[in-house]
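Okay, structure first, notes after.
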Amino acid sequence: MSRFPVENIRNFSIIAHVDHGKSTLADRLLEMTGAIAKTERNKQVLDKLQVERERGITVKAQTASLFYMYNGQTYLLNLIDTPGHVDFSYEVSRSISACQGVLLIVDANQGIQAQTVANFYLAFEAQLTIIPVLNKIDLKNADPERVASQIEKVFDIPKEDCIRISAKLGTNVDQVLEEIVKRIPPPVARGDEPFKALVFDSTFDHYRGVVTNIALFGGQVSKGDKIMSAHAGKVYEVNEVGILRPEEQPTDRLYGGQVGYLIAGMKEVKEAQIGDTLFHQKHPVEALPGFKPAKAMVFAGMYPVDQSEYSSLRSAVDRLTLNDSSVTVQRDSSHALGAGWRLGFLGLLHMEVFNQRLEQEYNASVIMTVPTVPYKAVFSSAKLIKGHRGVQKNMVYIDDQRVMMKYLFPLNEVIVDFYDHLKSLSSGYASFDYEDAGYQPADLVKMDILLNGKPVEELAMIVHRDKAYSSGKALCERLKDCIPRQLFEIAVQAAIGSKVMARETIKAYRKNVLAKCYGGDITRKMKLLKKQAEGKKKMRRIGNIEVPKDAFISVLKRKDK
Amino acid sequence: MRAALDLNKKQKRSVGGCQRRRPSMCTITSVFFGGGTPSLAPPSTIAAVLETAARHAHLPGDAEVTLEVNPTPAGASSLGDFKVAGVNRFSVGVQSLHDEDLRVLGRDHSSQDALRTVAEAQRLCPGRVSVDVIFGRPGQTAGLWETELEELLSVCDDHVSLYQLTLERGTYLFKQVQAGLLGVPEENTMAQMYDSARRILGKRGFLQYEVSNFARNGAVSSHNMNYWKAGQYLGVGPGAHGRFTPREEGRVLREARTQTLEPDVWIKEVQRWGHGTRRRIPLEHLELLEEVLLMGLRLAEGVSHEHWRQFSPDADLQKVLGTSIEVQELQDRGLLVLDDRGLRCSWEGLALLDSLLPPLLLQLQEHGGQKGARG
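Residue numbers (my numbering), protein chains in the order written: chain A, 1 to 561; chain B, 562 to 936.
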């Protein structure tokens, strides 16, 4: 891998709405440039994780360098595959900043969808060349004319610019490669500049440590160099550099304008955060703009089913977060459920994928408590003012079949079931994207749960005032079913301040004794008794009420799962 | 205890109370013929069993020999023969004085049959007849129950066993209730019925000596007392249970023994090996104490200090249970009493025994654990 003239390098990404064919196109490009052999099994080569394969989504962005012959010259095309989901827009934005152009894929039947728009804006704001690609033209319902008009109207890109392809069949994909060379400018990088690279992804390898994916904006880097990262501020020695084909192919040196990987003795992915800037220790540079530490939007409490599994769960979480620096992890403990964590995710999908990976890759079973979104309490009595319903902000007709509407929603209304409901109500046609609109004042109250007058802290929750009665009642009913009868009556109450919103009563036992217990009955009775005694050990005492752990779990855990 | 018997029907025999007199001789204090419907067996079988028992051990003439009787017309007529065979106490399964209910319960006798049987039994063995009654039947109200009980008490002998209806899986009644065709009284009503029964019996001179058993004139079931006092007993017959220390084999621990369940298999095994014991499990010290508590607390007199000392000479009840906060709470609630007599339930506590046992058991285990750690 010798010095490649910068003019012959093209760095690009493929962006699209979910399932519009991004990964299939990436497969085709790899095949056509010889990076992978053309076989059936290459279906979505770049999606490596089991959960990705199962869900048909890309979670981790992957990168590959392709060699393409055109007009007698060899070009180096660096493809950066991006996550296609709304939760990962930061990753997408960083991948994009390493490029000079994007292929914007739009399904020729579905047309513009929410992620299409979101991703377009990312590329547009980064001032990249945008090549619209209409995919799936092989399908019966494809209507490229209509979609091309749509694109022209919404994105202001001329219809003629659209390349009409079928990634699945390979139709016109060669044209895509041509256009990449023709329309996307080469990177701007001078060899005499000091080394400056953007980290746009990092993975953890057990044997070699953190492997960072970098795009060089200038200078060169090779094995043995001493480098530093702008935000972590630490010094490292480079162990290895190379390009991705998509497998790692080590080289002596990487040059400005190129994209590849770098290993430098970092132990945790947190040391190589996405968006960070790398440079030579002796030649510090200005950090590349746009770096943002990942911001968690959805929180959930996570606890092992049994405390004895705590340490194995902790290892699993540690290993999983090695490769996912956007999960925030904080140790937490609940009187009800024991020691656990408060995890922050970029979104609901992120959380679900994390959970699924825990179960599949680490065989861990956990209790996830209802996700909460960050609240800012203004007063210590925790009364916030908040609008309950979405407030419509604007409405734009994309074409005669589609309308795009913008609403302002409180985040916690959105975060649990909204997406699912929207999909089912609109038969899947509606799509949805959200961005943080900042904190808004809201009408929330803290609801306490009391057992015989004693508040149970772990079950206190913040609810919207209008929902206080219904959630309180539902909670009381659930508890009534879970708490066994005792020698005295138990009053289960939901209250806001001193006002009781809902109440259920668990009656006391008036008679509880086995009728017959003679010689032959003892063994059976003893077994039963011992089981009861064991169960008793696991209960938690609130006042003098014995509450099984299950009661807490059933109340706290996500209702839909 | 070895015996090879000719059996037509499934029968269980429980032989209780062995005391060492001479190395290979023990005294049987009571014999109980129960299980299914022992009164279906010919009296000659009963006689044969008693004779065999007498050959292997000392069976005094005043040992209590009880036979469970199903009060069918046929059953009543053979009572005399049973007495001749050696039976000196009858336990009659009256269950109810309402014919409707008897049908629902799946019984094949009428209330008249039952009353006649009781009368006959009393004639043969006065003061030694027990009557079984079930309350909490479908459609029964507290008022109806009280009336029925009063009626029963005017004709019964000196011993009554009172059981709350329990629905057994697979029975006709169970299925009916499951299907919603029959309802049983509410829990509160059941509790009320039990309560009022206790009072009514008390007023009539019956002493409640166990959760479900009442006697006047001292007519307690000595066989059952042996169970509750964790005495030794042998179970003979398919599915029978026994608990004793096989000293003949030089053992020290008490064993829980079960006989093979299926009658034909049991017979084959007895014919082949001389016994039908399927399982023998030695009871650890802690397990034994657990049983002593479980059974002893069913008695109104509870577990006395002397009784407890037999099984736990090193740690008395106060030492074992005194440190438990929960046990103290139960005493404060007036459900449990721990004083210089021993440990027992109060009147209210007896009805709630199964709620009191888990904390007691836990405390017993804790104490045992501590001892183990120290020792």
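All C-beta atoms in this analysis are idealised placements derived from N, C-alpha and C, irrespective of residue type, glycine included. Being a predicted model, the structure only gives us computed values, none of them experimental.
Between which two residues does the alpha helix (DSSP H) holding Gln249 of chain A run?
That residue, Gln249 of chain A, is in no alpha helix (DSSP H); its beta strand (DSSP E) goes Glu248 to Thr251.
Between His720 of chain B and chain A, is the shortest Cβ-Cβ distance under 7 angstroms, so that the two count as touching?
So, not an interface residue.
Quick one: which residues of the segment 513 to 527 of chain A get their C-beta closer than 7 angstroms to a C-beta of chain B? List them in chain order.
Val513, Leu514, Ala515, Lys516, Cys517, Tyr518, Gly519, Gly520, Ile522, Thr523, Lys525 and Met526
Just to confirm, are Ala551 of chain A and Cys476 of chain A a CB contact at a threshold of 7 angstroms?
no
What span of residues does the alpha helix (DSSP H) with Asp825 of chain B cover, start to end?
Here the alpha helix (DSSP H) through Asp825 of chain B covers Pro824 to Trp834.
Could you give the first and the last residue of the continuous beta strand (DSSP E) run that contains Glu720 of chain B?
First, the residue type needs correcting, since residue 720 of chain B is His and not Glu in the sequence shown. Run containing His720 of chain B: His720 to Gln725, per the beta strand (DSSP E) assignment.
Between the C-alpha atoms of Ser885 of chain B and Asp201 of chain A, what's the straight-line distance to the nearest angstrom?
59 angstroms
Could you name the residues of chain B that Leu529 of chain A contacts, counting a contact when the two beta carbons are closer than 9 angstroms?
Near Leu529 of chain A (Cβ distances below 9 angstroms), the residues of chain B are Glu851, Leu855, Asp915, Leu918, Pro919 and Leu922.
Name the residue from B:Ala801, B:Glu612 and B:Asn749 whose alpha carbon lies nearest to the alpha carbon of Val645 of chain B.
B:Glu612
Indicate whether His206 of chain A and Ile105 of chain A have their beta-carbon atoms separated by less than 7 angstroms.
Their beta carbons are not under 7 angstroms apart, which means His206 of chain A does not touch Ile105 of chain A by this criterion.
Ser885 of chain B by DSSP, collapsed to three states: which one?
coil
Should the segment 148 to 160 of chain A be called in touch with the segment 105 to 125 of chain A, which here means at least 3 C-beta pairs below 8 angstroms?
Taking a contact to require three or more Cβ pairs closer than 8 angstroms, the segment 148 to 160 of chain A and the segment 105 to 125 of chain A qualify as touching.
Taking CB distances under 7 angstroms as the criterion, tell me whether His802 of chain B reaches chain A.
yes
Can at least three beta-carbon pairs, one atom from the segment 792 to 801 of chain B and one from the segment 517 to 532 of chain A, be found at a separation below 8 angstroms?
yes
Is it right to say His670 of chain B is buried, meaning 16 or more other beta carbons lie within 10 angstroms of its own, or is it exposed?
buried
Taking DSSP as the reference, what is the three-state secondary structure of Thr708 of chain B?
helix
Are the beta-carbon atoms of Gly260 of chain A and Ile243 of chain A separated by less than 7 angstroms?
yes
Rounded to a whole number of angstroms, what is the C-alpha to C-alpha distance between Cys579 of chain B and Gly744 of chain B?
Residue confidence is low: Cys579 of chain B scores 43 on pLDDT, short of 50, so the model does not pin down where it sits. No coordinate-derived value is stated.
Are the C-beta of Ser885 of chain B and some C-beta of chain A separated by less than 7 angstroms?
Interface annotation, Ser885 of chain B: not in contact with chain A, CB-CB separation never under 7 angstroms.
Going by CA-CA distance only, name the one from A:Ile214, A:Val181 and A:Glu179 that's closest to Lys196 of chain A.
A:Ile214
Please identify, using Cβ separations under 7 angstroms, the residues of the segment 478 to 498 of chain A that lie next to chain B, in order along the chain.
Leu487
Out of A:Ile137, A:Val6 and A:Ala64, which has the shortest C-alpha to C-alpha gap to Asp27 of chain A?
A:Ala64
What number of angstroms, rounded off, separates the C-alpha of Val648 of chain B from the C-alpha of Thr627 of chain B?
6 angstroms
Output needed for Gly543 of chain A: all residues of its chain with C-beta closer than 7 angstroms, excluding positions within five of it in sequence on either side, in chain order.
Leu451, Asn452 and Lys454
Around the Cβ of Val378 of chain A, are there at least 16 other Cβ atoms within 10 angstroms (buried) or fewer (exposed)?
Caution is warranted here: a pLDDT of 36 is assigned to Val378 of chain A, below 50, making its placement in the model unreliable, and no coordinate value can be reported.
Roughly how far, in whole angstroms, is the beta-carbon of Gly502 of chain A from the beta-carbon of Lys537 of chain A, given that I think they are within contact range, below 8 angstroms?
It is worth fixing the name first, because residue 502 of chain A is Ala in this sequence and not Gly. The pair is not a contact, with the Cβ atoms about 31 angstroms apart (cut-off 8 angstroms).
Against Val772 of chain B, what residues of chain A qualify as contacts under a CB-to-CB distance less than 8 angstroms, listed in chain order?
Val513, Leu514, Ala515 and Cys517
Across which residues does DSSP place Met562 of chain A in a beta bridge pair?
Nothing in the structure corresponds to residue 562 of chain A, since chain A is present only between 1 and 561.
Over the uninterrupted beta strand (DSSP E) stretch that includes Arg870 of chain B, give me the two end residues.
That residue, Arg870 of chain B, is in no beta strand (DSSP E); its alpha helix (DSSP H) goes His866 to Phe872.
Closest Cβ-Cβ distance between Lys538 of chain A and chain B: below 7 angstroms?
no
From Glu661 of chain B to Ala740 of chain B, what distance separates their C-alpha atoms?
19 angstroms
For Ala551 of chain A, go through chain E and note every residue whose CB falls closer than 8 angstroms to its CB, in chain order.
The structure shown contains no chain E; its protein chains are A and B.
So, is Pro158 of chain A buried or exposed, given that buried needs 16 or more other C-beta atoms within 10 angstroms?
exposed
Phe488 of chain A: buried (16+ other C-beta within 10 angstroms of its C-beta) or exposed?
exposed
How close, in whole Å, do the beta carbons of Leu858 of chain B and Ala817 of chain B come, if the pair is a contact with beta carbons under 8 angstroms?
Not quite, the Cβ-Cβ distance comes to about 19 angstroms (not below 8 angstroms), so this is no contact.
Compare the C-beta of Ala780 of chain B with all C-beta atoms of chain A and state if any pair is closer than 7 angstroms.
no
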